[in-house]
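Down below is the structure, laid out as C-alpha cells.
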Amino acid sequence: MTKRELSDSPVNVGCLGGGQLGRMMALEAPRLGIQMKFLDPGGNKCPAAAIVPGENIIKGSLKDEASIRELAKGVDVLTVEIEHVGVETLLKLEAEGVNVQPSGRVLSIIRDKLLQKDHFLSKKIPLPPYQKTSSVDGIKDAARNLGLPLMLKSRTGGYDGQGNAVLNSIADEDIGEALKKLGCINGSSESSLDLYAEGWINFESEVAVMVVRSANDVDTDSYPAVNAIQQDSICRVVIAPARHVSSDIRSKCEEIARSAIASLGNGASGVFGVELFVTKDGDVLLNEVAPRPHNTGHYTQDACAVSQFENHLRGVCSLPLGSTKMVVEAAAMVNILGAPSGTVEDTLRSSNAAMDMDTAVVHWYGKHGCRAGRKMGHINLTGASYGEMDDNLSLLLDIEGIPRS
Ligand code: ATP
Ligand code: MG
Ligand code: MG
C-alpha cells in the first residue's frame, strides 16, 4: 500500500461495528477528510449513528455476507471496531480487490485466541503456557501439565471475560460447571470442544500497550505502557503511564507489544490493543491482542497529541502516523458502567461529578438502553503528576464503586 497524503477528495472508510469504538473513530474522521459508514446490528440506534448521516448506517449482522458486501460498496478502506466478524467474507472481498485493513488474514489469526497464541509462540513472543484442549480428557491432561487453577478459554467470541472459566479442580462436576459457563453444555470426552487451556499467571499487574502500524507496512509505533486495572474481567481504570512499574519494565512491555504486532506482517495495520501480564519476577507475558482501538487506549483522546482513534484511521488509510507521545505527565481513565439500579440518572453520577473537575473530560456513548454493568461512557483525567489526579480519581472511583488500590 503506498503512502497517501491528505487531499481534497474524501477517503471513504467502512467499519464493521458502530459501537462506541466506531463512534469515537467517526468523531475524528472529518478533520482528516475521511467519511465513515457503518454496519451494525442496531442500525440507527447504534452509538456511531449519532455522528454520521443516516444513509451511512447499514443495519445487519457483522457476520452476514450480504450486509458486509453492502458496506463494502464504494469504500476505499474497510476496517473493524471488533474482531468477531465474518472474516470469510472479508477474505473473499479482498480477493475481489477490496482494501481490508487490518487484512482478513490478520483478523483470522487474532479472532481465534488459539491461532493467535500459536502464531505468537512461533514468533517467540513470551506467553503464558497453554495447551489445546478438545475434550474433557484433554482438560484433565492440561491440568496435569499446567497445574491448577487452570484458565479455560473459548477460542472465539469472548469479551469482558465472558468466554473464560477458571477451573480449581478436575472433578467431573467442576469441569461440567466450567463447560456450562462456556456454553459447551454437551461437553463429553467424545465431543470436540472449541477451547484451550492456559496456565494460571499470578501476575503483579496488568499492563496494556496500544501499537499503531501503517498499511504501508513500514511504520510501527506505540503509545506508553499503561496499567489496565480490571474488576471481574472488565477494564475499569487505566493509569498512564503505568504507575508502580519501573521504566525498564515499561520499555520491555512496549518492545514486546511492538514486536508482537510487527510479527503479524503485511496487513497488520491500524491500532492494536496489546494486553500483557507483568509477573513478580519482572517477566512480561502477552495475554491477548485486539486488532482495533481498545478500552485501555481511551486516555489518548485527552492525553496524547494524536488519539488512538485518529491513528487507527491514519494507519488503515496509509496516511502518515501521528505522534503517540503524551502531552501531559499523567492521565487516567475511568469506565462508566451502568449503575446497579440500571437507571441513567444513577449512571450519570460520575459524569456529573467530572463536569465540575478542572481536568476531567466526559465521553458519553449515547447508547440506547442503560443496563447494570453495560459500558456507557468513560472519563479521562489529566495532570502534571499522578498526585495531582489522585483526589479527583478517588472521587470517581468511589462513585463507580471501584475499590481504591
Ligand atoms: P477482553 O474484554 O479484554 O477482550 P477477554 O474476554 O478476551 O477480555 P482475557 O483478556 O483473556 O478475556 O481475560 C480477562 C481477564 O482474566 C484478564 O484481563 C486477566 O485479569 C484474567 N486472566 C486471563 N488469562 C489469565 C491467566 N492465564 N491467568 C490469570 N488470569 C488471567
Ligand atoms: Mg479479548
Ligand atoms: Mg482481555
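Using my numbering, the first residue of the sequence shown is number 1, and each one after it goes up by one. Every residue, glycine too, gets a C-beta built ideally from N, C-alpha and C. Remember, it's a predicted structure, so these values are computed and weren't measured experimentally.
In the structure shown, what three-state DSSP assignment does residue i receive?
i: GLY138; result: helix
i: LYS375; result: strand
i: LYS73; result: coil
i: LYS63; result: coil
i: PHE475; result: Here the chain has residues from 1 to 405 only, and residue 475 is not among them.
i: GLY161; result: coil
i: GLN143; result: Gln is not the amino acid found at residue 143; the sequence shown has Ala there. Residue state, collapsed to three classes: helix.
i: ILE399; result: helix
i: VAL306; result: coil
i: ALA290; result: strand
i: LEU32; result: helix
i: LYS426; result: Residue numbering for the chain in the displayed model covers 1 to 405; residue 426 lies beyond these limits and cannot be assessed.
i: GLU177; result: helix
i: ASN12; result: strand
i: VAL166; result: strand
i: ASP194; result: coil
i: ILE57; result: strand
i: PRO80; result: A quick correction: the sequence has Val, not Pro, at residue 80. Three-state result, VAL80: strand.
Exposed or buried, which one is residue i when buried takes at least 16 other CB atoms within 10 Å?
i: PRO293; result: buried
i: ASN295; result: buried
i: ARG111; result: buried
i: ARG236; result: buried
i: ASN380; result: buried
i: THR347; result: buried
i: THR89; result: buried
i: ASN145; result: exposed
i: ASN352; result: exposed
i: GLY187; result: A caution first: GLY187 carries a pLDDT of 47, below 50, which makes its placement in the model unreliable, though a value can still be read off. GLY187 is buried by the Cβ-count criterion.
i: TYR159; result: exposed
i: SER7; result: exposed
i: ASP358; result: exposed
i: THR133; result: buried
i: VAL13; result: buried
i: GLY97; result: exposed
i: PRO10; result: exposed
i: GLU400; result: buried
i: MET117; result: The question names Met, but residue 117 in the sequence shown is Lys. Buried.
Give every residue of the same chain whose Cβ lies closer than 7 Å to the Cβ of residue i, excluding the five residues on either side of it in the sequence, and list them in chain order.
i: ASN168; result: LEU148, PRO149 and ASP174
i: LYS153; result: LYS113, GLY163, ASN164, LEU195, TYR196 and GLU198
i: ALA178; result: LEU152, ALA165 and LEU167
i: GLN131; result: ALA142, ASN145, LEU146, TYR196 and ALA197
i: MET389; result: ALA330, ALA332, LEU381 and GLY383
With a threshold of 6 Å on Cβ separation, who are the neighbours of residue i within its own chain once the five nearest residues in sequence on each side are excluded?
i: ALA411; result: Not covered by the structure: residue 411. The range shown for the chain is 1 to 405.
i: ILE170; result: LYS140 and ALA143
i: VAL212; result: ASP221, VAL271, ASN311, GLY315 and LEU321
i: VAL306; result: GLY322 and SER323
i: LYS59; result: GLY43
i: CYS184; result: LEU193
i: ALA242; result: VAL207, ALA225, VAL226, ASN227 and ARG250
Once the 5 residues before and after residue i are set aside, which same chain residues still bring their CB inside 8 Å of it?
i: MET355; result: VAL362
i: LEU27; result: ILE51 and PHE309
i: LEU397; result: VAL237, VAL334, PRO403 and ARG404
i: HIS244; result: SER205 and ASN227
i: ILE125; result: ILE256, SER259, ALA260, SER263 and LEU286
* Assess, as a yes-or-no matter, whether the region 26 to 35 is touched by the region 312 to 319 under the definition of 3 or more beta carbon pairs within less than 8 Å. => The answer is yes - the region 26 to 35 touches the region 312 to 319, with three or more Cβ pairs under 8 Å.
* Asked: Along the chain, which unbroken stretches of the alpha helix (DSSP H) at least 4 residues long are found entirely within the region 311 to 393?
  -> Along the length of the region 311 to 393, whole alpha helix (DSSP H) runs at least 4 residues long occupy 344 to 347 and 349 to 355, reported in chain order.
* Do the region 279 to 298 and the region 201 to 217 make contact, defined as three or more Cβ pairs closer than 8 Å? -> Yes, the region 279 to 298 touches the region 201 to 217.
* Note down, one range per segment and in chain order, each alpha helix (DSSP H) of at least 4 residues found wholly within the region 213 to 288. => As far as the region 213 to 288 is concerned, its whole alpha helix (DSSP H) runs of at least 4 residues are 247 to 262.
* Asked: Between the region 252 to 265 and the region 274 to 285, are three or more C-beta pairs nearer than 8 Å?
  -> Enough Cβ pairs lie closer than 8 Å, so yes.
* To do: Could you name each continuous alpha helix (DSSP H) segment of 4 residues or more that falls completely within the region 91 to 142, going from the start of the chain to the end?
  => Listed in chain order, the complete alpha helix (DSSP H) runs (minimum 4 residues) inside the region 91 to 142 are 104 to 110 and 113 to 122.
* Asked: Using 8 Å as the Cβ pair cut-off and three pairs as the minimum, do the region 219 to 237 and the region 63 to 74 touch?
  -> The answer is no - the region 63 to 74 does not touch the region 219 to 237, with fewer than three Cβ pairs under 8 Å.
* Counting Cβ pairs, one atom from each stretch, are 3 or more of them under 8 Å apart for the region 370 to 388 and the region 336 to 350? -> The region 370 to 388 vs the region 336 to 350: in contact.
* Inspect the CB distances between the region 18 to 26 and the region 36 to 56 and report whether three or more fall short of 8 Å. => Taking 8 Å as the limit for Cβ pairs, the verdict is that the region 36 to 56 does touch the region 18 to 26.
* To do: Tell me, please, whether the region 70 to 86 touches the region 96 to 103 by the rule of three or more beta-carbon pairs shorter than 8 Å.
  => The region 70 to 86 makes contact with the region 96 to 103; the number of CB pairs closer than 8 Å reaches 3 or more.
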